[in-house]
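Comments concern the structure below.
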Amino acid sequence: MEIRTRFAPSPTGYLHIGGARTALFNYLFARHHKGKFILRIEDTDVARSTEESTQAILDGMQWLALNWDEGPYFQSKRFELYKEHAYKFLEMGKAYKCYCTAEELEQRRGEAIKQGKPPKYDGRCRNKKDEQGKPFAIRFKVLPGTTLVKDIIKGKVAFENDEIEDLIILRSDGTPTYNLCVVVDDATMEITHVIRGDDHLNNTPKQIMLYEAFGYPLPQFAHLPMILGSDKTRLSKRHGATSVMAYKEMGYLPHALVNYLARLGWSCGDQEIFTIEELTEKFSLENVGKSSGVFNPEKLLWLNQHYLKEGKIEELAILLTPFLEAKGYHASADKRLTDIVKGLQERSKTLIEMADSAEFYFKEDVQYEENAANKFLTKDIQEIFELLISRLDSLPEFTHNAIETIFTAIMNEKDLKLGKIAQPVRVALTGGTVSPGIFEVIEILGKETSIARLKKAVEFIANPAAKGQKTE
RNA sequence: GGUCCCAUCGUCUAGAGGCCUAGGACGGAGCCCUCUCAAGGCUUAAACACGGGUUCGAAUCCCGUUGGGACCGCCA
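2 is the number of the first residue of the first sequence in our numbering; add one for each residue after it.
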């Protein structure tokens, strides 16, 4: 039988970390079994669902490359189907019309809680006769007994039916509710494995009752543990960015997030780094843990750094350009940019950092960090700078090796260690004390710019006050 | 409050009764390398929540306690 999984978000916000992991596990499970992964938008709550949210979720899925095989299906377009099912229950006597108003129910619930009683619907409309013209909701009749949930992750979980109230399946405005829709959809879409957050575990007995009442075969259930924030409460904005797309904006690589999410709750021995192919091959629900996990941004950052370090410079250059654009620098992914990326890729944890570090390559004018200038742009280096300027200028081939030869010669002549020369030059060329290797920086900057910046530094040394911290 | 779930280093986890003096990874500390910063290499601190059983033997099985989480909507 073909394995069919689904991700079924409700479009009431962006795709968040938790949802993305649920989607990922569904995706991996389906791919592993060469089955189908279906996307379904649960927009039965017309008031809260928005098109922007739907689009945001689609964008997030696409960015993470969680490609779906069918859908997106929209529940809002299937209302007739749900309605039919609800009325069928009515005919079969498995559901009844409830004439209680939302206000009445709300009031009774409040009183029950006040008295310390469980806020459960008392079933008072179960045996009422039809009242013509009065609005009604349709409630499913929960029969006595025990409902057993067989969960791949949690094992067998038994629920007493008398703990469960008669649930509304069709609202008084004629729209269907969540539990009805999921069951009808999962059944008619022939979903074989329902993989979702364990916040749905308590809904599962209700849904099983609906399946059984319809005579639909049960899917397999797998309830994933929640993702928590650092204080072990449910992950929310308080814990930092929870939107998947926020990570794109912060300069994360999609596969870093995928890899991180995969290992949050699932493991494969001691392996930490996985390609998507490896994930697909190795993923199984048996290796999903039972306990909830804390979202750890540091580890995600480490993975991002890892993939930046390992990434192809041509691809990274393309990904970097929008971040340079955002800083006001026009850059195309040409040879110069890939050279820049090569030097920066193991010095950056995110694309934002990379763009920041690349800034001195693009700036018209260097500005010196005050401490760096004070420490390194001093009288005693002036002579070295002048020497460097003339020798660089007469260099026929402006290559890494040729530049290094010049430095070595000066080191020998002046009996200086490379560090004594490189740091001042670094400040002169980049404005700061941190950059890729100095020969590489000079080569990429080019003869003209390098010399111009060295000359500027010489002027600065001669007259720091006048040429000092001018702002652009 | 009721129901349900969960419990190994700070965090993610390995662990399917003897392989555990509990392994890996992130993060931390230290050292090495070094033109800066990184990267890399090496070393190191750090956990089986507690109490009872079962067993020759328990991180692993059972019970309880404690702690955490989720759900109790005409939300999904």
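The beta-carbon is built from N, C-alpha and C at its ideal position, and this holds for glycine as well. Keep in mind it's a predicted model, so treat the numbers as computed, not measured.
Going straight from the alpha carbon of residue i to that of residue j, what length do you get?
{"i": "asparagine 372", "j": "glycine 433", "result": "9 Å"}
{"i": "serine 39", "j": "glycine 72", "result": "For the sequence presented, residue 39 should be read as isoleucine rather than serine. Each residue's Cα considered, the two are about 6 Å apart."}
{"i": "phenylalanine 461", "j": "glutamine 346", "result": "32 Å"}
{"i": "arginine 41", "j": "phenylalanine 26", "result": "15 Å"}
{"i": "serine 244", "j": "tyrosine 15", "result": "6 Å"}
{"i": "isoleucine 18", "j": "glycine 294", "result": "12 Å"}
{"i": "glycine 311", "j": "lysine 343", "result": "The residue you asked about is not glycine; residue 311 is glutamate in the sequence shown. Distance between the alpha carbons of glutamate 311 and lysine 343: 10 Å."}
{"i": "lysine 471", "j": "glutamine 368", "result": "Any reading at lysine 471 needs caution, since the residue's pLDDT is 42, under 50, leaving its predicted position unreliable; the model's value is listed next. Whole-angstrom Cα-Cα distance: 8 Å."}
{"i": "glycine 469", "j": "proline 425", "result": "Unreliable positioning characterises glycine 469 in this predicted model, as indicated by a pLDDT of 46, which lies under 50. The coordinate reading is nonetheless provided below. Between glycine 469 and proline 425, the C-alpha separation is close to 16 Å."}
{"i": "alanine 9", "j": "valine 435", "result": "47 Å"}
{"i": "lysine 421", "j": "alanine 332", "result": "33 Å"}
{"i": "glutamate 273", "j": "lysine 336", "result": "33 Å"}
{"i": "glutamate 473", "j": "arginine 239", "result": "Confidence in glutamate 473 is poor, its pLDDT being 33 and thus under 50, which makes the residue's placement too unreliable to answer from."}
{"i": "isoleucine 353", "j": "serine 11", "result": "31 Å"}
{"i": "arginine 454", "j": "lysine 415", "result": "22 Å"}
{"i": "leucine 393", "j": "histidine 256", "result": "43 Å"}
{"i": "isoleucine 390", "j": "isoleucine 452", "result": "6 Å"}
{"i": "tyrosine 212", "j": "serine 358", "result": "58 Å"}
{"i": "proline 323", "j": "glycine 329", "result": "10 Å"}
{"i": "alanine 21", "j": "proline 397", "result": "55 Å"}
{"i": "proline 206", "j": "glutamate 107", "result": "24 Å"}
{"i": "lysine 1", "j": "tryptophan 303", "result": "No answer is possible for residue 1: it lies beyond the span of the chain, which begins at 2 and ends at 473."}
{"i": "tyrosine 179", "j": "leucine 325", "result": "45 Å"}
{"i": "valine 289", "j": "glycine 270", "result": "12 Å"}
Taking DSSP as the reference, what is the three-state secondary structure of residue i?
{"i": "cysteine 101", "result": "coil"}
{"i": "arginine 22", "result": "helix"}
{"i": "lysine 421", "result": "helix"}
{"i": "tyrosine 217", "result": "coil"}
{"i": "threonine 148", "result": "strand"}
{"i": "glutamate 398", "result": "coil"}
{"i": "threonine 6", "result": "strand"}
{"i": "valine 143", "result": "coil"}
{"i": "valine 367", "result": "coil"}
{"i": "arginine 32", "result": "helix"}
{"i": "glutamate 287", "result": "helix"}
{"i": "methionine 59", "result": "Looking at the sequence itself, residue 59 is leucine, so the reference to methionine does not match. Of the three classes helix, strand and coil, the one that applies to leucine 59 here is helix, per DSSP."}
{"i": "glutamate 449", "result": "helix"}
{"i": "alanine 48", "result": "coil"}
{"i": "histidine 331", "result": "coil"}
{"i": "leucine 455", "result": "helix"}
{"i": "arginine 172", "result": "coil"}
{"i": "arginine 239", "result": "helix"}
{"i": "glutamate 132", "result": "coil"}
{"i": "valine 195", "result": "strand"}
{"i": "valine 158", "result": "strand"}
{"i": "tryptophan 69", "result": "coil"}
{"i": "tyrosine 15", "result": "coil"}
{"i": "proline 177", "result": "strand"}
Decide if residue i is buried, meaning its Cβ has at least 16 other Cβ atoms within 10 Å, or exposed.
{"i": "isoleucine 209", "result": "buried"}
{"i": "alanine 57", "result": "buried"}
{"i": "lysine 249", "result": "buried"}
{"i": "methionine 355", "result": "buried"}
{"i": "valine 47", "result": "exposed"}
{"i": "glutamate 43", "result": "buried"}
{"i": "isoleucine 114", "result": "exposed"}
{"i": "lysine 135", "result": "exposed"}
{"i": "asparagine 260", "result": "buried"}
{"i": "alanine 410", "result": "exposed"}
{"i": "threonine 189", "result": "exposed"}
{"i": "alanine 214", "result": "buried"}
{"i": "serine 237", "result": "exposed"}
{"i": "glutamate 444", "result": "buried"}
{"i": "serine 231", "result": "exposed"}
Tell me whether the beta-carbon of residue i lies closer than 8 Å to the beta-carbon of residue j.
{"i": "threonine 13", "j": "serine 54", "result": "yes"}
{"i": "threonine 351", "j": "isoleucine 314", "result": "no"}
{"i": "tyrosine 88", "j": "phenylalanine 137", "result": "no"}
{"i": "valine 185", "j": "histidine 86", "result": "yes"}
{"i": "glycine 198", "j": "threonine 23", "result": "yes"}
{"i": "tyrosine 253", "j": "asparagine 305", "result": "yes"}
{"i": "methionine 246", "j": "tryptophan 64", "result": "yes"}
{"i": "glycine 175", "j": "lysine 84", "result": "yes"}
At a cut-off of 7 Å, is residue i close to the ligand ZN when judged by its beta-carbon and the heavy atoms of the ligand?
{"i": "proline 119", "result": "You won't find the ligand ZN in this model; it holds no ligand whatsoever."}
Practice item. Decide yes or no for the touch test of the stretch 163-171 against the stretch 120-128: beta carbon pairs closer than 8 Å, at least 3 of them. Key: yes
**Study point:** Three or more C-beta pairs below 8 Å linking the stretch 95-103 and the stretch 186-205
**Key:** no
Check your understanding: Should the stretch 287-304 be called in touch with the stretch 316-325, which here means at least 3 C-beta pairs below 8 Å?
Key -> Touching, no, given that fewer than three Cβ pairs across the two stretches are closer than 8 Å.
**Study point:** Contact the stretch 274-284 vs the stretch 26-35: 3+ CB pairs below 8 Å
**Key:** Contact between the stretch 274-284 and the stretch 26-35 is present, because at least three Cβ pairs lie under 8 Å.
Practice item. Take every Cβ of the stretch 219-231, pair it with every Cβ of the stretch 146-159, and state whether three or more of those distances are shorter than 8 Å. Key: yes
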